[in-house]
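**Q** Under the working numbering, the first residue of the sequence shown carries the number 101, and numbering increases by one thereafter.
Where a beta carbon is used, it is the ideal one built from N, C-alpha and C, also for glycine.
What follows is a structure written as structure tokens; I'll ask about it next.
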Amino acid sequence: MPNPFDDLSVGSHALSASANPFRPGMGRIPPDFGGREDALLRARIVVEQLSAGVAPEFVLYRGVRGVGKTALLAFVRQRARQLGLATIHVEADRDDTELARATDVLLRGVGELAPGSGPPGLEGLAVVRAGADGPRLRSAADPGAFETLVEDLAVLAARTQRGVLLTIDEVHEAGDVLLGPLLRAAHRAAQDDRPLGVLLSGLPTAAENLFDEGQTYTERLARVDLGLLDAAGTAEAIRRPFARVADASVDDAVVHEVHAASGGYPWFVQLWGEALWDLATDPGRIELPVARAAGARVRVRVDDFYATRWRRVPSGRARQLVQALAEQGGQAAMGDLLEVVDITHQAASPARRALLDLGICWAPGRGRLAFSVPGFERWVLSTQPIDA
Numbered sequence: 101m102p103n104p105f106d107d108l109s110v111g112s113h114a115l116s117a118s119a120n121p122f123r124p125g126m127g128r129i130p131p132d133f134g135g136r137e138d139a140l141l142r143a144r145i146v147v148e149q150l151s152a153g154v155a156p157e158f159v160l161y162r163g164v165r166g167v168g169k170t171a172l173l174a175f176v177r178q179r180a181r182q183l184g185l186a187t188i189h190v191e192a193d194r195d196d197t198e199l200a201r202a203t204d205v206l207l208r209g210v211g212e213l214a215p216g217s218g219p220p221g222l223e224g225l226a227v228v229r230a231g232a233d234g235p236r237l238r239s240a241a242d243p244g245a246f247e248t249l250v251e252d253l254a255v256l257a258a259r260t261q262r263g264v265l266l267t268i269d270e271v272h273e274a275g276d277v278l279l280g281p282l283l284r285a286a287h288r289a290a291q292d293d294r295p296l297g298v299l300l301s302g303l304p305t306a307a308e309n310l311f312d313e314g315q316t317y318t319e320r321l322a323r324v325d326l327g328l329l330d331a332a333g334t335a336e337a338i339r340r341p342f343a344r345v346a347d348a349s350v351d352d353a354v355v356h357e358v359h360a361a362s363g364g365y366p367w368f369v370q371l372w373g374e375a376l377w378d379l380a381t382d383p384g385r386i387e388l389p390v391a392r393a394a395g396a397r398v399r400v401r402v403d404d405f406y407a408t409r410w411r412r413v414p415s416g417r418a419r420q421l422v423q424a425l426a427e428q429g430g431q432a433a434m435g436d437l438l439e440v441v442d443i444t445h446q447a448a449s450p451a452r453r454a455l456l457d458l459g460i461c462w463a464p465g466r467g468r469l470a471f472s473v474p475g476f477e478r479w480v481l482s483t484q485p486i487d488a
């Protein structure tokens with residue numbers, strides 16, 4: 101076979117690879133948010149209210165890994181910047197107990213609202229002062245400095261008449277040391293009708309303790325659960341990019357194949373879209389033979405995705421727990437799992453914590469464990485990767 105760089109006909113298909121709109125990958129903005137219209141509408145309302153100088157509600161998007169939470173936040177920030185809003189993004193970190201990283205990010209946001217970082221822009225703020233290298237805290241040692249910094253940010257938003265959208269990802273990693281002060285300050289800003297908006301995302305139990313405690317600031321925090329796509333959502337996520345970019349149609353049988361094989365898991369749907377595009381034989385229509393060829397490619401990627409997760413599981417009791425959890429359908433009570441592996445709660449606790457810390461599992465309720473990506477249980481049972 102000729103060198104593909106010398107003979108461009110080698111490996112060429114009906115649709116240009118460089119124009120492929122599908123972008124499989126955790127956190128990457130997809131070409132279409134099929135099935136997520138309600139979630140996007142909630143975010144659009146927040147952005148529009150901020151543009152009008154109105155304090156919006158706070159929205160928490162929750163779901164397992166790979167359902168599009170991070171990508172949705174990135175997309176909304178992109179649109180918010182196009183409308184002239186200031187955007188600030190924080191990725192929560194369980195080890196960031198002193199809020200150093202979040203504080204630095206917010207201070208950069210202050211600098212964006214008050215270029216030059218000096219008077220009169222920063223006059224009268226509670227904890228923010230002008231520094232030689234930009235805004236700084238009056239005293240970082242003050243335990244309430246972070247909360248007051250959020251309040252100063254809201255004051256600046258109102259003073260400059262420029263809405264600020266603050267997005268917080270991986271909220272399940274954040275302790276009360278971050279979320280409590282942030283939401284309390286944002287709640288007070290909303291009471292003063294200052295244009296500071298907050299969008300958060302995390303695993304399904306993210307911030308549940310705040311709701312259970314009945315904190316006042318959770319009254320403004322709406323929960324939006326992002327699950328797997330239904331058949332209509334999968335169809336939109338596949339069909340609309342083909343129609344928009346290539347003016348191509350996708351047969352019903354193809355869409356059915358994609359939904360059945362992917363289970364509506366958005367990351368897998370993007371893998372399917374990418375493969376269908378690359379392997380298309382007709383520039384105007386995607387038919388079932390293309391889907392069959394695409395399926396072979398996608399299965400390799402999916403198998404590698406699950407195998408990579410398996411390799412992250414520590415050997416020993418953690419792998420025994422994963423095997424038992426797979427046999428229980430991917431979600432189970434710890435008591436049931438311990439009966440299978442025949443160890444005590446105390447002995448299993450480090451393994452359980454490792455699975456949670458590594459993102460292999462999440463806790464859907466007290467005393468329960470579940471895989472954080474769908475379908476992992478089927479892969480474990482079918483491949484039997486457990487150590488001998």
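#1: What are the start and end residues of the alpha helix (DSSP H) that includes S449?
#2: Can you pull the DSSP bridge partners for G302?
#3: What's the gap between the Cα of D403 and the Cα of W479?
#4: Taking buried to mean at least 16 other C-beta atoms within 10 Å of its own C-beta, is G465 buried or exposed?
#5: By Cβ distance below 6 Å, which residues in the same chain neighbour G384 in space, the five residues on each side in sequence not counted?
#6: CA-CA distance, H356 and Q446?
#7: How close, in whole Å, do the beta carbons of A285 and V255 come, if the pair is a contact with beta carbons under 8 Å?
#8: So which of V440, R409, A119 has the shortest CA-CA distance to A454?
#9: So, is S156 buried or exposed, given that buried needs 16 or more other C-beta atoms within 10 angstroms?
#10: As a quick exercise: from I386, T248, F133, G134, pick the residue whose alpha carbon is nearest that of G224.
#11: Taking only three categories from DSSP, how would you classify G373?
#12: Along the chain, where does the alpha helix (DSSP H) containing G231 start, and where does it finish?
#13: What's the call for V400, buried or exposed, on a 16-neighbour Cβ count within 10 Å?
#14: Quick one: is L481 buried, meaning 16 or more other Cβ sit within 10 Å of its Cβ, or exposed?
#15: Which two residues bound the contiguous alpha helix (DSSP H) that contains V440?
#16: Can you say whether E319 is buried or exposed, counting buried as having 16 or more other CB atoms within 10 angstroms of its CB?
#17: Do A337 and P130 have their beta-carbon atoms positioned less than 9 Å apart in this structure?
#18: Just to confirm the assignment, what range does the alpha helix (DSSP H) spanning G395 have?
#19: Assuming E374 and F122 are in contact, meaning their beta carbons sit under 8 Å apart, how far apart are those beta carbons, in whole angstroms?
#20: Taking only the alpha-carbon atoms, compute the straight-line gap between D438 and E148 and give it to the nearest angstrom.
#21: Within the same chain, show all residues whose beta-carbon is closer than 8 Å to that of L326, passing over the 5 residues directly before and after it, in chain order.
#22: Measuring straight from C-alpha to C-alpha, what distance separates G134 and G435?
#23: Please go through the same chain and pick out, in chain order, the residues whose beta-carbon is closer than 6 Å to the beta-carbon of F158, but skip the five residues on each side of it.
#24: Could you tell me which whole alpha helix (DSSP H) segments of length 4 or greater appear in the stretch 124-159?
#25: Within 10 angstroms of the Cβ of R339, are there 16 or more other Cβ atoms? Answer buried if so, exposed if not.
#26: Pick from R142, G429, Y406: whose alpha carbon is nearest that of R165?
#27: Going by the CB atoms, is the gap between G209 and P215 shorter than 9 Å?
#28: Please name the residue in V271, W377, G302, L266 whose C-alpha comes closest to that of S118.
#29: Would you mind reading off the limits of the beta strand (DSSP E) that contains I460?
#30: Could you tell me the distance, in whole angstroms, from the CA atom of T483 to the CA atom of A426?
#31: Which of the three DSSP states, helix, strand or coil, is assigned to T381?
#32: Taking the C-alpha atoms as reference points, what is the distance between Q261 and A463?
#33: Between the Cα of A274 and the Cα atoms of F476, A258, L303, which residue gives the shortest distance?
#34: Should N103 go down as buried or exposed, given a rule of 16 or more other Cβ atoms within 10 Å for buried?
#35: Which full runs of the alpha helix (DSSP H) of 4+ residues lie inside the stretch 257-334, going along the chain?
#36: Excluding the 5 residues flanking A488 on each side, which residues of the same chain have their C-beta closer than 8 Å to its C-beta?
**A** Concretely, from the data shown:
#1: Along the sequence shown, read from residue 1 onward, the residue named residue 449 stands at position 349. Here the alpha helix (DSSP H) through S449 covers 445-457.
#2: For the purposes of this step, residue 302 is identified with residue 202 of the sequence shown, where counting begins at 1. Looking at the DSSP assignment, G302 forms a beta bridge with R162.
#3: The count along the sequence shown starts at 1 and reaches residue 403 at position 303. The count along the sequence shown starts at 1 and reaches residue 479 at position 379. Distance from the CA atom of D403 to the CA atom of W479, rounded to whole angstroms, is 8 Å.
#4: Here the question's residue 465 lines up with position 365 in the sequence shown. Exposed is the call here.
#5: Start at 1 with the first residue of the sequence shown, and residue 384 comes out as number 284. Excluding residues within five positions, the ones whose Cβ falls inside 6 Å are A348.
#6: Counted from its first residue, the sequence shown places residue 356 at position 256. Counted from its first residue, the sequence shown places residue 446 at position 346. One C-alpha to the other measures close to 46 Å.
#7: By 1-based counting over the sequence shown, the position of residue 285 is 185. By 1-based counting over the sequence shown, the position of residue 255 is 155. That belief does not hold up - the Cβ atoms of A285 and V255 are roughly 10 Å apart, past 8 Å.
#8: Against the sequence shown, residue 454 aligns to sequence position 354. Measuring from the Cα of A454, the nearest candidate turns out to be R409.
#9: In the sequence shown, the residue the question calls residue 156 occupies position 56. According to the sequence displayed, residue 156 carries Pro and not Ser. Flag for P156 reads buried.
#10: As a working note, residue 224 is residue 124 in the sequence shown. Among I386, T248, F133, G134, the Cα nearest to that of G224 is on T248.
#11: As a position in the sequence shown, residue 373 is number 273, starting the count at 1. Helix, per DSSP.
#12: Reading the sequence shown from its first residue, position 131 is the one you call residue 231. Run containing G231: none in the alpha helix (DSSP H); it sits in the beta strand (DSSP E), 228-231.
#13: Sequence index remark: in the sequence shown, residue 400 carries index 300 (1-based). By the neighbour-count rule (16 or more Cβ atoms within 10 Å), V400 is not buried but exposed.
#14: In the sequence shown, counting from the first residue as 1, residue 481 sits at position 381. Exposed: under 16 other Cβ atoms inside 10 Å.
#15: Locating residue 440 in the sequence shown gives position 340, counting from the first residue. Looking at the DSSP string, the run of the alpha helix (DSSP H) that includes V440 is 434-441.
#16: Taking the sequence shown and counting its residues from 1, one reaches residue 319 at position 219. E319 should be labelled exposed.
#17: Locating residue 130 in the sequence shown gives position 30, where the first residue counts as 1. Locating residue 337 in the sequence shown gives position 237, where the first residue counts as 1. Cβ distance < 9 Å, so P130 and A337 count as in contact.
#18: As a first step, residue 395 is located in the sequence shown; it is residue number 295 there, counting from the start. Where G395 is concerned, the enclosing alpha helix (DSSP H) stretches over 388-412.
#19: If you number the sequence shown from 1, residue 374 lands on position 274. If you number the sequence shown from 1, residue 122 lands on position 22. About 4 Å; that satisfies the 8 Å criterion.
#20: To locate residue 438, count along the sequence shown from 1; it is residue 338. To locate residue 148, count along the sequence shown from 1; it is residue 48. Per the sequence shown, the amino acid found at residue 438 is Leu instead of Asp. Whole-angstrom Cα-Cα distance: 50 Å.
#21: Numbered from 1 along the sequence shown, position 226 holds the residue referred to as residue 326. Here the set comprises R136, A139, Y161, R162, G163, V167, G168, K169, L172.
#22: Position 34 of the sequence shown, counting from 1, holds the residue named residue 134. Position 335 of the sequence shown, counting from 1, holds the residue named residue 435. Inter-residue distance for G134 and G435 is about 39 Å (C-alpha atoms, whole angstroms).
#23: Walking along the sequence shown from the start, residue 158 turns up at place 58. Contacts found: V298, R320, L321.
#24: Within the stretch 124-159, the complete alpha helix (DSSP H) runs of at least 4 residues are 137-151.
#25: The sequence position of residue 339 within the sequence shown is 239, counting from 1. Flag for R339 reads buried.
#26: Here residue 165 corresponds to residue number 65 of the sequence shown, with the count starting at 1. The closest CA to that of R165, considering only R142, G429, Y406, is found on Y406.
#27: Walking along the sequence shown from the start, residue 215 turns up at place 115. Walking along the sequence shown from the start, residue 209 turns up at place 109. No, Cβ-Cβ distance for P215 and G209 is not below 9 Å.
#28: Along the sequence shown, one-based indexing puts residue 118 at 18. Nearest in C-alpha terms to S118, of all of V271, W377, G302, L266, is W377.
#29: The count along the sequence shown starts at 1 and reaches residue 460 at position 360. It is not in any beta strand (DSSP E) - I460 carries neither H nor E in the DSSP assignment.
#30: Here residue 483 refers to the residue found at position 383 of the sequence shown. Here residue 426 refers to the residue found at position 326 of the sequence shown. Whole-angstrom Cα-Cα distance: 11 Å.
#31: Position 281 of the sequence shown, counted from the first residue, corresponds to residue 381. Coil at T381, not helix or strand.
#32: In the sequence shown, counting from the first residue as 1, residue 261 sits at position 161. In the sequence shown, counting from the first residue as 1, residue 463 sits at position 363. Spanning the two alpha carbons is a distance of roughly 42 Å.
#33: Position 174 of the sequence shown holds residue 274. When each option's Cα is compared against that of A274, the closest is L303.
#34: Position 3 of the sequence shown, counted from the start, is the residue given in the question as residue 103. Classification of N103: exposed, given that the 10 Å Cβ count is below 16.
#35: Correct list: 276-291, 308-312.
#36: Position 388 of the sequence shown holds residue 488. Residue placement at A488 is poorly supported in this model, since its pLDDT is 38, which falls under 50; the coordinates are not used for a value here.
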